[in-house]
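See below for the structure under consideration.
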């Protein structure tokens, strides 16, 4: 889908599974299981819907990746625990669009949790961990990098240093502080609640608008503001931020990307007569 100069497509960093109860917090299983069925281990299928954004601005060609999924570095036991789809998924997905890792010029990270930034680095032929996209700058909120360096016990297991320390060592990791326009029509803005340093990505152009919601609203099944995750650190802030964002995107054709939804990766939002939020699926 075109947004001014920007051609936007979804690429997958691979599916995995998380506990359905953790994903829906205080929402009873009898409710969420009807719309998002769990497997025999009470886990639900999730995708890592990354964005591939390409366009020419000011005479320069940009190839941008928004988040990069789980990556390929983790042990077989780790991958089995979360039922990872397998290795090499992101590279294969990019290749379907004629893109190689070396083509990426900018990698926007919504945050540094392993299912969003795990593909930032990979093993080289010598077994060393190196940047996956050697010609790209990587961008994250300064708050999230600070939290990754000194993580709270509650989220320590999600911040894996091998996903970001090699980027710093290579001098490729940049930080922003708050809402920032990275390129004409492409900006990031804080979206606290899940974690303090989460950022959403906004793409605008040609009279259209897209919001990449990341873990603020991880799937279309989480579209009701109070349906927050057990993983969210500050649920009150999360609900407030969801309500603010939903007020901006509802009923006006804004394209919303749901990073973890395997069935509805993107859609537009409306409300019914009772005020319930609805998502109409949309293909990018």
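Numbering (the working numbering), first residue to last: 17 to 300. All C-beta atoms, glycine included, are put in the ideal place defined by N, C-alpha and C. Just so it is clear, the structure is predicted and the values come from calculations on it, not from any experiment.
- Bridge pairing for residue 220: 225 [DSSP].
- Runs of alpha helix (DSSP H) with 4 or more residues, each lying fully within the segment 200–275, are found at 251–265, listed in chain order.
- Under the 10 Å beta carbon count, residue 237 is surrounded by 16 or more other beta carbons and is classified as buried.
- From the listed residues 245, 292 and 250, the smallest Cα separation to residue 44 is found for 245.
- When DSSP states are grouped into helix, strand and coil, residue 48 belongs to the helix group.
- Per DSSP, the unbroken alpha helix (DSSP H) holding residue 107 starts and ends at 105–111.
- In this model, residue 235 and residue 21 are separated by some 27 Å (Cα to Cα).
- Secondary structure at residue 139: strand, using DSSP grouped into helix, strand and coil.
- Proximity to residue 130 across 222, 19, 157 and 29 peaks at 29, based on C-alpha coordinates.
- Looking at the backbone, the Cα of residue 125 and that of residue 204 are separated by about 10 Å.
- Fewer than three pairs of CB atoms, one per stretch, sit closer than 8 Å, so the segment 89–96 makes no contact with the segment 40–57.
- Relative to residue 161, the option among 186, 144 and 193 whose CA is nearest is 193.
- DSSP places residue 83 outside both helix and strand once states are collapsed to three, so it counts as coil.
- Contact annotation: the segment 92–101 does not touch the segment 132–148, with fewer than three C-beta pairs closer than 8 Å.
- Each of 171, 232 and 182 was checked against the Cα of residue 144, and the nearest Cα belongs to 182.
- Excluding residues up to 5 positions away in sequence, 241, 242 and 244 lie with their Cβ nearer than 7 Å to the Cβ of residue 255 in the same chain.
- Closest by C-alpha distance to residue 276, out of 264, 233, 284 and 268, is 233.
- Rounded to whole angstroms, the Cβ separation of residue 286 and residue 299 is 18 Å, and the two are not in contact under 8 Å.
- Within the DSSP secondary-structure output, residue 22 pairs in a beta bridge with 19.
- Taking all protein chains shown into account, residue 84 has 16 or more neighbouring C-beta atoms within 10 Å of its C-beta and is therefore buried.
- With contacts defined by Cβ atoms closer than 8 Å, residue 180 and residue 164 form a contacting pair.
- Taking a cut-off of 8 Å for Cβ pairs, the segment 247–267 and the segment 145–154 do not touch, as fewer than three such pairs fall below it.
- In the assembly as shown, residue 111 is an exposed residue. Its beta-carbon has fewer than 16 other beta-carbons within 10 Å.
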